[in-house]
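The next block holds one structure in the form of structure tokens; read it before the comments.
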Amino acid sequence: MTNAPCPLCIPVSETLLWRDASSRVIWVGDADYPGFCRVILNAHVKEMSDLPPPERQVLMAVVFAVEAALREEAHPDKINLACLGNVVPHVHWHVIPRWADDPNFPDAIWAPARRARPRRDLPGDLQARVAARLAASL
Ligand SMILES: [Zn+2]
Numbered sequence: 004m005t006n007a008p009c010p011l012c013i014p015v016s017e018t019l020l021w022r023d024a025s026s027r028v029i030w031v032g033d034a035d036y037p038g039f040c041r042v043i044l045n046a047h048v049k050e051m052s053d054l055p056p057p058e059r060q061v062l063m064a065v066v067f068a069v070e071a072a073l074r075e076e077a078h079p080d081k082i083n084l085a086c087l088g089n090v091v092p093h094v095h096w097h098v099i100p101r102w103a104d105d106p107n108f109p110d111a112i113w114a115p116a117r118r119a120r121p122r123r124d125l126p127g128d129l130q131a132r133v134a135a136r137l138a139a140s141l
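Under this note's numbering, the first residue of the sequence shown is numbered 4, with each subsequent residue one higher.
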């Protein structure tokens, strides 16, 4: 651990899709993984089990709302949910739409790429569509 400020406690630039008092959803903007979102707990908490059970449930409801919005709007072959925190030990969930022809499939997106990024026809306003679904469901 270092004394550097936590980048999730003091974000420099985020594309915010939704937020409330306990968490926020940001658009990652990864060209290889269109629709990639991150759900970030606002409080600096290291592990999910550090949260009281009701707060875990509230956070997971946000994660599942993002998953549902991405399934509805982007129709991926799979959704990956990942809560790692090895680099930034502040609870956050990666919600990643996956396609069988994406650069890393079936490996994790952090594995070495197997192939080039394919052309993918997704709505040009995917970000706005996901944000609208979150606003309607959360
Ligand atoms: Zn933090």
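Every residue gets a Cβ at the ideal spot worked out from N, C-alpha and C, and that includes glycine.
Burial state of residue i, where buried means 16 or more other Cβ atoms lie within 10 Å
i      : result
Ser16  : exposed
Gly38  : buried
Ser25  : exposed
Val91  : exposed
Leu44  : buried
Arg101 : buried
Arg117 : exposed
His95  : buried
8 Å contact criterion, which residue i and residue j should meet: CB distance rounded
i     : j     : result
Cys40 : Leu62 : Wrong, their Cβ atoms sit about 14 Å apart, outside the cutoff.
Span separating the alpha-carbon of residue i from that of residue j
i      : j      : result
Val42  : Val66  : 6 Å
Pro115 : Cys9   : 27 Å
Leu129 : Ala138 : 14 Å
Leu73  : Ala7   : 33 Å
His78  : Asp23  : 26 Å
Ile29  : Ala131 : 12 Å
Pro121 : Pro109 : 15 Å
Asp53  : Ala64  : 17 Å
Residue j beta carbon less than 8 Å from that of residue i
i      : j      : result
Ala103 : Asp80  : yes
His97  : Leu11  : no
Val133 : Glu76  : yes
Tyr36  : Ile99  : yes
Ala85  : Pro106 : no
Ala68  : Leu141 : yes
Where the beta strand (DSSP E) containing residue i begins and where it ends
i      : result
Arg132 : Looking at the DSSP string, Arg132 is not in any beta strand (DSSP E); the run it does join, the alpha helix (DSSP H), is Leu129 to Ser140.
His97  : His95 to Arg101
Asn31  : Residue 31 is actually Val in this sequence, not Asn. Segment: none, Val31 is in no beta strand (DSSP E) and carries neither H nor E.
Ile43  : Cys40 to Leu44
Extent of the continuous alpha helix (DSSP H) to which residue i belongs
i     : result
Ala71 : Pro56 to Ala77
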